[in-house]
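Residue numbers (full-length UniProt numbering), protein chains in the order written: chain G, 1 to 381; chain E, 1 to 323. Note that beta-carbon positions come from the ideal geometry of N, C-alpha and C, so glycine has one too.
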């Protein structure tokens, strides 16, 4: 048992640190949930990609460096410690790309991944529908066969990044009368500016258009934009759902850096007599370390060939609740200044509030933990 | 980087678990609590024979240590079976006895289980002073062999018999390494608490699977499932802190592990009590042996507040951080 990085990993860390020190914007970019901020974050993706730092774990042919999980974790630690911008390409990189690696064709990977890596094409997810949230398999949007492809119709909602993104991916019902709801679904990618698509941005809690409703009216999708076999979409989507909940959506580096900033804030603004607040700051420090060590243990098991299973549900509940607690502590520390909306802490706070809801609500995750990790009997939700 | 127990460490855990399962610890605990430590003493020797105490004793004094990771492995199992006695205190004693003369005299017997040691910093209660044969008092800058102990006071955990040590006695050493002993004691307590919590979770999961109300196992109800899921999350994130702390033995890392593991165990105890219903609230049901220990370990060898203060003053280890 050890926690020592290899000399090669440390060399990689040094290289990443040096590049970030020379390139990270000196002042924070505007919120990526605004048009101006989205464009600035897209430009940052291009800058990362120019030196092959945007998708380090991908093979070189798609713009990556082909590094393994441990180097990826090291990169993320350095990335957030350097105060680098949030990743506007996150949905594509952590949700769609793993699906393409597992289920896509060579042609799809070659066509889709490089522009994703460079930020030229930014992806939104289109999972939820008005009547299909946690019960995703009850979705009703349709894919109807047509010459050379499919016609998509229906309504998607809570589509993160869709207000400004270029393309989206989601599941569509291609066989209407299957015995079970998760059968007969097809995984399709579509252009958000294609004829028949209407995007209606939705303001999140602070009014910024962080997500959107999508209305689809016979939107043409060619066969080459279907991933996996038609009708097998559920299996295709779920095989990589663990990525969103677990390892690749929220790296420990992000929280280690946030906890460091919180400690700085505490030293600057904290009242030493306020031990209640001091304890919450300590918990943020401890939680970041716990998440880092949990992840290293998880990664070690993965590297010796064990699959990433329902354990990713433990991650998801932990980081989403941790993230809120950390930001609440920061806002409380700031006192009267804490209610100002135009600070990084406030932006992070509003962002964190969505964590327990998206990527499978924490209630769904707790069901998974109880049933698949603890072996409790299934019951009514 | 391989942050996993190796095969040998896992085999050690399994063999201890098997030995302690066969030892019927609930009856040992009940006798110990009643002031009849004969079976407890016998179990102590078997734990020593398994090599547990030797892990804290240097090779020069007939130990195999110091091996903090293996010690943490062992203490998780000791906690899982709620083994009574001054286990943590014996580890602290092994660290405090670092003067060659005192070490030569006491450490081999401590490693072999021939003596049971307990330790108390000045003014604190010594655990099981009535059973221990070596009573160590850390008094100011002196380590003394206490000549005796006061009356036994009962802990909320009846298996923990608390005594104040008498003042005076033979001077064993000056300036003993108290901070280091505290770190070792905290690590052992953290691991023990983790084991207590893991046992409480297992027991409660088994119970809610077989307890039927409204015609179905109560474990199928979402309100119960989510409480158990939260206990699982708390314990699974405490576990890596315990082993990470064992690797670094940094006082702040150990304090983080101690507060997290003992709070996770305590939260699990509260859930275990609630989900067992009235039977869980009885002394005669064995669950009580773990429930009460989880409470006691929260404050043993460092309260939550002390540990959190140490985390902020010391700063934790961690990958790419700059501070």
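| message | Against chain G, with Cβ distances strictly below 9 Å, would residue 40 (chain E) count as a contact? | response | Here residue 40 (chain E) refers to the residue found at position 40 of the second chain. False, the Cβ-Cβ gap to chain G never drops below 9 Å.
| Endpoints, the beta strand (DSSP E) within which residue 139 (chain E) is located | As a first step, residue 139 (chain E) must be located in the second chain, where it is residue number 139. Unbroken beta strand (DSSP E) run through residue 139 (chain E): 134-139.
| Interfacial residues, the region 53-86 of chain E to chain G, with Cβ spacing under 8 Å | Correct list: 69.
| request: Could you list which residues in chain E have their beta carbon closer than 7 Å to that of residue 262 (chain G), in chain order? | output: Taking the first residue of the first chain as position 1, residue 262 (chain G) is located at position 262. Per Cβ cutoff of 7 Å: no residues; residue 262 (chain G) is ~11 Å from chain E at best.
| field | Close Cβ partners of residue 313 (chain G) (< 7 Å) along its chain, the five nearest in sequence each way excluded | value | Here residue 313 (chain G) refers to the residue found at position 313 of the first chain. Around residue 313 (chain G): 245, 365, 368 and 369.
| query | According to DSSP, which residues form a beta bridge with residue 191 (chain G)? | reply | As a working mapping, residue 191 (chain G) is identified with position 191 in the first chain. In DSSP, residue 191 (chain G) forms a bridge with G:167.
| request: Give a yes or no on contact between the region 63-83 of chain E and the region 5-18 of chain E, applying the rule of three or more CB pairs nearer than 8 Å. | output: The region 5-18 of chain E and the region 63-83 of chain E touch, with three or more beta-carbon pairs separated by less than 8 Å.
| request: Excluding the 5 residues preceding and the 5 following residue 93 (chain E) in the sequence, name in chain order all residues of the same chain whose CB lies nearer than 6 Å to its CB. | output: By 1-based counting over the second chain, the position of residue 93 (chain E) is 93. Its chain contains 117, 119 and 136 as the residues whose beta carbon lies nearer than 6 Å to that of residue 93 (chain E), once the 5 sequence neighbours on both sides are disregarded; these appear in chain order.
| message | Using a Cβ-Cβ cutoff of 8 Å, what residues of the region 357-379 of chain G are near chain E? List them in chain order. | response | Cβ contacts with chain E: 363, 365, 366, 367, 369, 370, 371, 373, 374, 375, 376, 377, 378 and 379.
| task | Could you list which residues in chain E have their beta carbon closer than 7 Å to that of residue 330 (chain G), in chain order? | result | Position 330 of the first chain, counted from the start, is the residue given in the question as residue 330 (chain G). Taking a Cβ-Cβ threshold of 7 Å, none of the residues of chain E is close to residue 330 (chain G); the smallest such distance is about 15 Å.
| said: So with CB distances below 7 Å, who are the chain G contacts of residue 19 (chain E)? | reply: Locating residue 19 (chain E) in the second chain gives position 19, counting from the first residue. Against chain G, the beta carbon of residue 19 (chain E) has no neighbour under 7 Å; the closest one sits roughly 22 Å away.
| Could you give the distance in angstroms between the alpha-carbon of residue 310 (chain G) and the alpha-carbon of residue 356 (chain G)? | For the purposes of this step, residue 310 (chain G) is identified with residue 310 of the first chain, where counting begins at 1. For the purposes of this step, residue 356 (chain G) is identified with residue 356 of the first chain, where counting begins at 1. Cα to Cα, the separation comes out at about 17 Å.
| query | Hey, how far is the Cα of residue 208 (chain G) from the Cα of residue 347 (chain G)? | reply | Indexing the first chain from 1 puts residue 208 (chain G) at position 208. Indexing the first chain from 1 puts residue 347 (chain G) at position 347. So the alpha carbons of these two residues sit roughly 10 Å apart.
| said: Going by DSSP in three states, residue 292 (chain E) sits in which element: helix, strand or coil? | reply: Sequence index remark: in the second chain, residue 292 (chain E) carries index 292 (1-based). Assigned with DSSP and collapsed to three states, residue 292 (chain E) falls in helix.
| field | alpha helix (DSSP H) segment containing residue 174 (chain E), residue limits | value | Translated into positions along the second chain, residue 174 (chain E) becomes position 174. In the DSSP annotation of this structure, residue 174 (chain E) is not part of any alpha helix (DSSP H); the continuous beta strand (DSSP E) holding it starts and ends at 170-174.
| query | Apart from the five residues on each side of it in sequence, which residues of its chain come closer than 6 Å, Cβ to Cβ, to residue 294 (chain E)? | reply | For the purposes of this step, residue 294 (chain E) is taken as the residue at position 294 of the second chain. Around residue 294 (chain E): 196, 265, 266 and 269.
| Where residue 162 (chain G) and residue 36 (chain G) are concerned, what is the direct C-alpha to C-alpha distance, given to the nearest angstrom? | Counting from 1 along the first chain, the entry for residue 162 (chain G) is found at position 162. Counting from 1 along the first chain, the entry for residue 36 (chain G) is found at position 36. Near 15 Å, if we compare the C-alpha coordinates of residue 36 (chain G) and residue 162 (chain G).
| So residue 131 (chain E) packs on residue 85 (chain E), CB below 8 Å; how close in whole Å? | Taking the first residue of the second chain as position 1, residue 131 (chain E) is located at position 131. Taking the first residue of the second chain as position 1, residue 85 (chain E) is located at position 85. Contact between residue 131 (chain E) and residue 85 (chain E) holds: their C-beta atoms lie close to 7 Å from each other, under 8 Å.
| Would you say residue 47 (chain E) faces chain C, with C-beta separation under 9 Å as the test? | Any reference to chain C falls outside this structure, whose protein chains are G and E.
| query | Which term fits residue 216 (chain E), buried or exposed, when burial requires 16 or more other beta carbons within 10 angstroms of its beta carbon? | reply | Here residue 216 (chain E) corresponds to residue number 216 of the second chain, with the count starting at 1. The residue is exposed, with fewer than 16 neighbouring Cβ atoms inside 10 Å.
| said: Strictly under 9 Å for the Cβ-Cβ distance: is residue 279 (chain E) near chain G by that measure? | reply: To locate residue 279 (chain E), count along the second chain from 1; it is residue 279. Judged by the 9 Å Cβ criterion, residue 279 (chain E) is not in contact with chain G.
| task | Compare the C-alpha of residue 146 (chain E) against each of E:241, E:24 and E:165 and name the closest. | result | By one-based count along the second chain, residue 146 (chain E) stands at place 146. With respect to the C-alpha of residue 146 (chain E), the residue from E:241, E:24 and E:165 having the closest C-alpha is E:165.
| Mapping DSSP to helix, strand and coil, what is residue 226 (chain E)? | By one-based count along the second chain, residue 226 (chain E) stands at place 226. Correct three-state label for residue 226 (chain E): helix.
| Which whole-angstrom value describes the C-beta separation of residue 138 (chain E) and residue 100 (chain E), a residue pair presumed to lie in contact below a C-beta threshold of 8 Å? | Here the question's residue 138 (chain E) lines up with position 138 in the second chain. Here the question's residue 100 (chain E) lines up with position 100 in the second chain. Wrong, their Cβ atoms sit about 19 Å apart, outside the cutoff.
| chain E within 9 Å of residue 317 (chain G), Cβ atoms only | As a first step, residue 317 (chain G) must be located in the first chain, where it is residue number 317. By this cut-off, residue 317 (chain G) is an interface position.
| task | Please confirm whether residue 232 (chain E) and residue 375 (chain G) have their CB atoms less than 9 Å apart. | result | Position 232 of the second chain holds residue 232 (chain E). Position 375 of the first chain holds residue 375 (chain G). Contact flag unset, no.
| Is it a yes or a no for the region 269-288 of chain E touching the region 17-30 of chain G, going by three-plus beta-carbon pairs under 8 Å? | Between the region 269-288 of chain E and the region 17-30 of chain G there are fewer than three inter-stretch CB-CB distances shorter than 8 Å, so the stretches are not counted as touching.
| If you check the beta carbons only, do residue 224 (chain G) and residue 142 (chain G) fall under 9 Å apart? | Position 224 of the first chain holds residue 224 (chain G). Position 142 of the first chain holds residue 142 (chain G). Going by C-beta atoms, residue 224 (chain G) is not nearer than 9 Å to residue 142 (chain G).
| field | beta strand (DSSP E) segments (min. 3 residues) lying fully within the region 109-158 of chain E | value | Runs found: 117-121, 134-139 and 142-145.
| message | Distance check for residue 69 (chain E) and residue 205 (chain E), CA to CA, integer angstroms please. | response | Here residue 205 (chain E) refers to the residue found at position 205 when the second chain is read from its first residue. Here residue 69 (chain E) refers to the residue found at position 69 when the second chain is read from its first residue. Each residue's alpha carbon lies about 28 Å from the other.
| query | Any C-beta of chain E sitting closer than 9 Å to the C-beta of residue 282 (chain G)? | reply | Along the first chain, read from residue 1 onward, the residue named residue 282 (chain G) stands at position 282. By this cut-off, residue 282 (chain G) is an interface position.
| Given that residue 323 (chain G) touches chain E, what residues does it touch there, using C-beta distances under 9 Å? | As a working mapping, residue 323 (chain G) is identified with position 323 in the first chain. Residues of chain E passing the Cβ test: none, with the nearest at roughly 14 Å.
| field | residue 240 (chain G) burial status per 10 Å Cβ neighbour count (16 or more: buried) | value | What you label residue 240 (chain G) is simply residue 240 of the first chain in a count that begins at 1. So residue 240 (chain G) ends up on the buried side.
| task | Pull up the distance between the alpha-carbon of residue 82 (chain E) and that of residue 188 (chain E), whole angstroms please. | result | Walking along the second chain from the start, residue 82 (chain E) turns up at place 82. Walking along the second chain from the start, residue 188 (chain E) turns up at place 188. Residue 82 (chain E) and residue 188 (chain E): Cα-Cα distance of roughly 13 Å.
| Which class does residue 65 (chain E) belong to by DSSP, given the choice of helix, strand or coil? | As a first step, residue 65 (chain E) is located in the second chain; it is residue number 65 there, counting from the start. Assigned with DSSP and collapsed to three states, residue 65 (chain E) falls in strand.
| message | Rounded to whole angstroms, what is the Cα-Cα separation between residue 186 (chain E) and residue 193 (chain E)? | response | Locating residue 186 (chain E) in the second chain gives position 186, where the first residue counts as 1. Locating residue 193 (chain E) in the second chain gives position 193, where the first residue counts as 1. Using only the alpha carbons, I get a separation of about 10 Å.
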